[in-house]
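Participant:
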Amino acid sequence: MSARAETWLWLAQRGAAIVLAAAVTVHLATIVYAVHLGLSAAAIIGRIAGNRAWLAFYIAFAIAAAIHGGIGLRTVVRETTPWRGASLELATVLFVVFLALAGTRAALALFA
Amino acid sequence: MLRVSVWRGGAEGTLVAYDVPARASQTVLDVVTYIQRRLDPTLAYRFACRVGMCGSCAMTVNGIARWTCRTHVDRVAKSGALEVKPLANLPVIKDLAVDMTEFFDKWARARGRFVPSADIPDDFIRVPPATPARRAADAGIECIGCGVCYASCDIVAWNKDYLGPAALNRAWTLVNDVRDAGNAERLGAVAGDAGCHACHSHQNCALRCPKEIDPTGAIAGLKRATARAALRGKL
Amino acid sequence: MIPARTTAIDWRTRQHPAWWAALVHRISGVLLALFLPAHFWALALALQGEARLDGFLGWAHRPEIRLGETALVVLLAVHLAGGLRIMALELLDVRAGQKTAIALSAGFGLALGLLYLLEVF
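If you read the protein sequences in the order shown, they are chains A, B and C.
If you read the first sequence in this note's numbering, its first letter stands for residue 32, the second for the next number, and so on.
If you read the second sequence in this note's numbering, its first letter stands for residue 11, the second for the next number, and so on.
If you read the third sequence in this note's numbering, its first letter stands for residue 3, the second for the next number, and so on.
What follows is the structure, encoded as structure tokens:
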């Protein structure tokens, strides 16, 4: 991959990290709050169902996590294994897309 | 008496033990010199100034890269045991002498060389010392190319193409030099996974640098500079 | 004539906080990335109705699962805190206070883990 492309990957990863800095803070607070009240499907769904703000939040969270995690894993794989090249780039893209879709599906499952 | 283990051989080799009389204020270079002059003249090692100015005597002492002329034995060999090996991450020529060619080749690949502007100015270029750019440059220009940071870097160990902390630090000093005209090419040379983006801020380099330079900070600066260039379509 | 082989980096030069912090950051990141697909699958159980999700949450009440969850909370907290330190270094040129930031990150991770543990047990 060219130096320019690697620079853009770094920008994407750090940009996603900034989104995650806010999202994870909210998420950690939500987790502690939720278990404090006793974790139940009714409680989780009750909070998110029909709430467009939470839906938007979780979809953005999922996409940012997918980008951040996917690019991060790619770096770890390249540094610790001999795997590199087009097949790794393809696997990375597939992982990012898969994770973003799975996260969006989960958010929609709780929203609807 | 000091029990000193010294690396003998090339990349394939072994640690050989020598007994060296312990003396007050002894440095590791004193010890290596004693071995070569009194015990085994076939030992190969490098030194020059012996007063902490040239960086030639850098070796791995008890696992950590140091200038041996500035390393007092009683500071590092608490139990009287000393282990001296060549710098890591560089090809071993013989015993304690390594081949620095790739270290300086990467310096050139990082465009760590001043590029004058095409037009000759009428007067001296004024470089105010207190500007942020000049302060950033000054923080890194004392580098003497000793190789300690390079020998301490995990990314250098994991990635054969990685330019390394010294070369990238030098590039950063030039990025901040208002007189330099080579940044368009230089930023392209230091970006990517052979360049600044491979650094994960382990900070071995900053911790081990005998001149207390901070290559991690310099590399972070290069990340910002290359990102800015990419966003402006100039990379 | 010039040999290609080098001597390896020694473990002793890695004995400092920023190195351990980098290792923790890397391991936590990998574990969290591998956990996410399972997390999204579990949440999407709501598609099959509230009862299905409740069934899963009931399974998650088991002590060993709770301990696993606590570990995940610690990993997430520590990865966030370490990530903030790195981004401050890379984007804001904050170089001082690395050791303090690392200690605070570890403390934050432990505190959140303890908080979660207290809530679920």
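All residues carry an ideal CB built from backbone N, CA and C; glycine is no exception.
Taking a Cβ distance cut-off of 7 Å, strictly less, list which residues of the region 186-220 of chain B are near chain A, in chain order.
Facilitator: Of all residues in the region 186-220 of chain B, GLY198, ALA201, GLY202, ASP203, GLY205 and HIS207 have a Cβ within less than 7 Å of some Cβ in chain A.
Participant: Whose Cβ in chain A lies nearer than 7 Å to the Cβ of TRP168/B?
Facilitator: Indexing the second sequence from 1 puts residue 168/B at position 158. In chain order: GLU110.
Participant: List, in order along the chain, the chain A residues whose C-beta lies closer than 9 Å to that of ASP56/C?
Facilitator: To locate residue 56/C, count along the third sequence from 1; it is residue 54. By Cβ distance, chain A contributes SER71, ALA72 and ALA73.
Participant: Using only the alpha-carbon positions, how far apart do TRP182/B and ALA237/B sit?
Facilitator: Along the second sequence, read from residue 1 onward, the residue named residue 182/B stands at position 172. Along the second sequence, read from residue 1 onward, the residue named residue 237/B stands at position 227. The alpha-carbon atoms of TRP182/B and ALA237/B are separated by roughly 14 Å.
Participant: Please list, in chain order, the residues of the region 33-46 of chain A that have any C-beta partner in chain B closer than 9 Å.
Facilitator: Cβ contacts with chain B come from SER33, ALA34, ARG35, ALA36, GLU37, THR38, TRP39, LEU40, TRP41, LEU42 and ARG45.
Participant: Can you tell me which of ARG35/A, THR56/A and ALA43/A puts its alpha carbon nearest to the alpha carbon of GLY111/C?
Facilitator: As a first step, residue 111/C is located in the third sequence; it is residue number 109 there, counting from the start. It is THR56/A whose Cα lies nearest to the Cα of GLY111/C.
Participant: Can you tell which of VAL42/B, PRO225/B, ILE45/B and THR24/B has the C-alpha that lies nearest to the C-alpha of VAL102/B?
Facilitator: Position 92 of the second sequence holds residue 102/B. For VAL102/B, the nearest C-alpha among the options comes from THR24/B.
Participant: Quick one, are the C-beta atoms of ARG18/B and VAL30/B less than 8 Å apart?
Facilitator: Taking the second sequence and counting its residues from 1, the one referred to as residue 18/B is at position 8. Taking the second sequence and counting its residues from 1, the one referred to as residue 30/B is at position 20. The answer is no: Cβ separation not under 8 Å.
Participant: Return the residue from the list VAL41/B, CYS159/B, PHE113/B and TYR44/B that minimises the CA-CA distance to LYS221/B.
Facilitator: On the second sequence, position 211 is the one that residue 221/B refers to. Residue CYS159/B is the option with its Cα nearest to LYS221/B.
Participant: Any Cβ of chain C within less than 8 Å of the Cβ of ALA122/A?
Facilitator: Taking the first sequence and counting its residues from 1, the one referred to as residue 122/A is at position 91. Closer than 8 Å: no.
Participant: Of all the CB atoms in chain B, is at least one closer than 8 Å to the CB of ARG64/C?
Facilitator: What you label residue 64/C is simply residue 62 of the third sequence in a count that begins at 1. It does not: the Cβ of ARG64/C has no partner Cβ on chain B nearer than 8 Å.
Participant: Taking 8 Å as the CB-CB limit, is ARG136/A close to chain C?
Facilitator: Reading the first sequence from its first residue, position 105 is the one you call residue 136/A. Cβ-Cβ to chain C under 8 Å: yes for ARG136/A.
Participant: Taking buried to mean at least 16 other C-beta atoms within 10 Å of its own C-beta, is MET248/B buried or exposed?
Facilitator: Nothing can be reported for residue 248/B: it is not among the residues displayed for chain B, which extend from 11 to 245.
Participant: Among the candidates ILE165/B, GLY157/B, SER211/B and ARG242/B, whose CA atom is the shortest distance from the CA of THR7/B?
Facilitator: One cannot answer for residue 7/B here, as it falls past the ends of chain B, which runs 11 to 245.
Participant: Could you tell me the alpha carbon to alpha carbon distance between LEU86/A and ALA108/C, rounded to whole angstroms?
Facilitator: The residue you call residue 86/A lines up with position 55 of the first sequence. The residue you call residue 108/C lines up with position 106 of the third sequence. Using only the alpha carbons, I get a separation of about 32 Å.
Participant: Helix, strand or coil: how does DSSP classify TRP114/A here?
Facilitator: Taking the first sequence and counting its residues from 1, one reaches residue 114/A at position 83. Of the three classes helix, strand and coil, the one that applies to TRP114/A here is coil, per DSSP.
Participant: Does any C-beta atom of chain C lie closer than 8 Å to the C-beta of ALA21/B?
Facilitator: Taking the second sequence and counting its residues from 1, one reaches residue 21/B at position 11. Closer than 8 Å to some Cβ of chain C, the Cβ of ALA21/B qualifies, so yes.
Participant: Counting only Cβ-Cβ distances shorter than 9 Å, please list the residues of the region 221-239 of chain B near chain A, keeping chain order.
Facilitator: The region 221-239 of chain B vs chain A, Cβ under 9 Å: LYS233, THR236, ALA237 and ALA239.
Participant: Quick one: does HIS18/C have its CB under 8 Å from some CB of chain B?
Facilitator: Counting from 1 along the third sequence, the entry for residue 18/C is found at position 16. At least one chain B Cβ lies under 8 Å of HIS18/C.
Participant: When you compare the CB of PRO96/B with every CB in chain C, is at least one pair closer than 8 Å?
Facilitator: Looking up residue 96/B in the second sequence gives position 86. It does; some Cβ of chain C falls within 8 Å.
Participant: Check whether the region 13-24 of chain C touches the region 104-113 of chain A, taking contact to mean three or more Cβ pairs, one atom from each stretch, closer than 8 Å.
Facilitator: In short, these stretches do not touch, since the Cβ pair count stays below three.
Participant: Taking the alpha-carbon positions, what's the GLY84/C to ALA23/C distance?
Facilitator: Here residue 84/C is taken as the residue at index 82 of the third sequence, counted from 1. Here residue 23/C is taken as the residue at index 21 of the third sequence, counted from 1. GLY84/C and ALA23/C: Cα-Cα distance of roughly 7 Å.
Participant: Assign ILE135/B to one of three DSSP states: helix, strand, or coil.
Facilitator: Start at 1 with the first residue of the second sequence, and residue 135/B comes out as number 125. Here ILE135/B sits in coil by DSSP.
Participant: Going by DSSP in three states, TYR144/C sits in which element: helix, strand or coil?
Facilitator: There is simply no residue 144/C to check, as chain C begins at 3 and stops at 123 in what is shown.
Participant: Using a Cβ-Cβ cutoff of less than 8 Å, which residues in the same chain neighbour GLY20/B once the five nearest sequence positions on both sides are dropped?
Facilitator: Here residue 20/B refers to the residue found at position 10 when the second sequence is read from its first residue. Result list for GLY20/B: VAL102, ILE103 and LYS104, in chain order.
Participant: Ignore the nearest five residues each way along the sequence and tell me which others in VAL124/A's own chain have a CB closer than 7 Å to its CB.
Facilitator: Residue numbering aside, residue 124/A sits at position 93 when the first sequence is read from its first letter. The answer is none, since no qualifying residue turns up.
Participant: Any beta carbon from chain B within less than 8 Å of ILE11/C's own beta carbon?
Facilitator: Numbered from its first residue, the third sequence carries residue 11/C at position 9. Chain B contact via Cβ: present.
Participant: Helix, strand or coil for MET195/B, going by three-state DSSP, please let me know.
Facilitator: Residue mapping note: residue 195/B aligns to position 185 of the second sequence, counting from 1. Looking at the sequence shown, residue 195/B is not Met but Glu. Of the three classes helix, strand and coil, the one that applies to GLU195/B here is helix, per DSSP.
Participant: Looking at the structure shown, is PRO101/B part of a helix, part of a strand, or coil, going by DSSP?
Facilitator: The residue given as residue 101/B occupies position 91 in the second sequence. PRO101/B falls in the strand class under three-state DSSP.
Participant: Determine the extent of the beta strand (DSSP E) in which LEU25/B is found, giving its start and end residues.
Facilitator: What you label residue 25/B is simply residue 15 of the second sequence in a count that begins at 1. Per DSSP, LEU25/B belongs to the beta strand (DSSP E) from 23-30.
Participant: Apart from the five residues on each side of it in sequence, which residues of its chain come closer than 6 Å, Cβ to Cβ, to ALA194/B?
Facilitator: Position 184 of the second sequence holds residue 194/B. Cβ neighbours of ALA194/B beyond the five flanking positions: none.
Participant: Given that a residue counts as buried once 16 or more other Cβ atoms are within 10 Å of its Cβ, and exposed if not, what is PRO65/C?
Facilitator: Indexing the third sequence from 1 puts residue 65/C at position 63. Classification for PRO65/C: exposed.
Participant: Using a beta-carbon distance below 8 Å, is ARG180/B in contact with chain A?
Facilitator: Position 170 of the second sequence holds residue 180/B. Answer no: the Cβ-Cβ gap between ARG180/B and chain A never drops below 8 Å.
Participant: Among all the DSSP beta bridges, which residues are the ones paired with GLY77/A?
Facilitator: Numbered from its first residue, the first sequence carries residue 77/A at position 46. Paired residue(s): none; GLY77/A is not in a bridge.
Participant: Shorter than 8 Å from the beta carbon of LEU245/B to some beta carbon of chain A?
Facilitator: In the second sequence, residue 245/B corresponds to position 235, counting from 1. With 8 Å as the cut-off, LEU245/B counts as an interface residue toward chain A.
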